[in-house]
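Here's the structure, in structure tokens; my notes come after.
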Amino acid sequence: MIGDDVLEKLPNVFECVIQIEDCEKSDDYAKRVWDFMGKLYNVISMELSIITALILFHGSNHEDSPTFHNLSSLKFCGDIWFDCYAWHVVHLLLCRAPKLQILTFEHSILLGFNLYKPNPCLALIFMSSHLTMCRYKGLRGTTKDMELIRKILEAARVLKTMKITLRSYLGSKRKLCVHKELGKSQRSSLNCQIAFDDGHFT
1 MIGDDVLEKL PNVFECVIQI EDCEKSDDYA KRVWDFMGKL YNVISMELSI
51 ITALILFHGS NHEDSPTFHN LSSLKFCGDI WFDCYAWHVV HLLLCRAPKL
101 QILTFEHSIL LGFNLYKPNP CLALIFMSSH LTMCRYKGLR GTTKDMELIR
151 KILEAARVLK TMKITLRSYL GSKRKLCVHK ELGKSQRSSL NCQIAFDDGH
201 FT
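Reading the sequence shown from the start, the letters are residues 1 to 202 in UniProt numbering.
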């Protein structure tokens, strides 16, 4: 895909999982990944890892990035806080998906330390008028996790459901605290419901 192979446009692909295992972080490599993604212009559902997002950052350009006019579901897998550059790609994809209705963050444990303090506010502005469902899988109850959910609730004006899956290792007291804290969060959408799925994400 990213080597010497040349693919035509792929108008009949409606679901895709983009998993880049090569960690080469160069502008040329990243641009080739973006070029491939541009061939998926009719895609409805897209899933990509945070590692892929970090690679894409190096080739991101607001003018040249593809627009996914039919994309309604977008999923990011991995620790979104692992590197601040991942948020630039989240922001860019939200800008380029005018019909996005479902946004999912699925956490997994990555080794390493995040020395950055990324601000997700800019990224979340662009989902305020069309996002109806947000899924947050693997909530650990950390300050960053809770703050991101609050920001989403504040930004998404037509959000109907915020579905949260808690980590199974959280104790019952901590789970109850999470329920209470998020239940008090300010919501832009008067119809938004917070649904908890406790203990089923490991």
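Even for Gly, the Cβ is constructed at its ideal location relative to N, Cα and C.
For V178, count neighbouring Cβ atoms within 10 angstroms of its own Cβ and tell me buried if that reaches 16, exposed if not. buried
Between the C-alpha atoms of A97 and I50, what's the straight-line distance to the nearest angstrom? 18 Å
Quick one: which unbroken alpha helix (DSSP H) runs of 4-plus residues sit fully inside the UniProt domain "FBD" (125 to 197)? Chain order, please. 143 to 155, 172 to 183
Using the three-state DSSP reduction, which class does L71 fall into: helix, strand or coil? coil
Alpha carbon to alpha carbon, how far is K163 from N70? Give it in angstroms, no decimals. 23 Å
Look at R157 and S189 and say whether their C-beta atoms are less than 8 Å apart. yes
Measure the C-alpha to C-alpha separation of I18 and I194 and round it to an integer number of angstroms. 29 Å
Taking the alpha carbon of S45 as the reference point, which residue from G171, I149, L148, K99 has its own alpha carbon closest? K99
Going by DSSP, name the residue or residues bridged to T104. K75, R135
Would the beta-carbon of L103 fall within 8 Å of that of C134? yes
Is L94 helix, strand or coil by DSSP? helix
Using the DSSP secondary-structure output, state which residues sit across from S49 in a beta bridge. C77
Are the beta-carbon atoms belonging to V13 and N42 less than 8 Å from one another? yes
Measure the C-alpha to C-alpha separation of residue 226 and H91 and round it to an integer number of angstroms. Limits of the chain in this structure are 1 at one end and 202 at the other, which puts residue 226 out of reach.
Helix, strand or coil for V17? Go by DSSP, reduced to three states. strand
So which of K75, Y169, D35, D28 has the shortest CA-CA distance to E47? K75
Tell whether a beta-carbon distance below 8 Å holds between D197 and T165. yes
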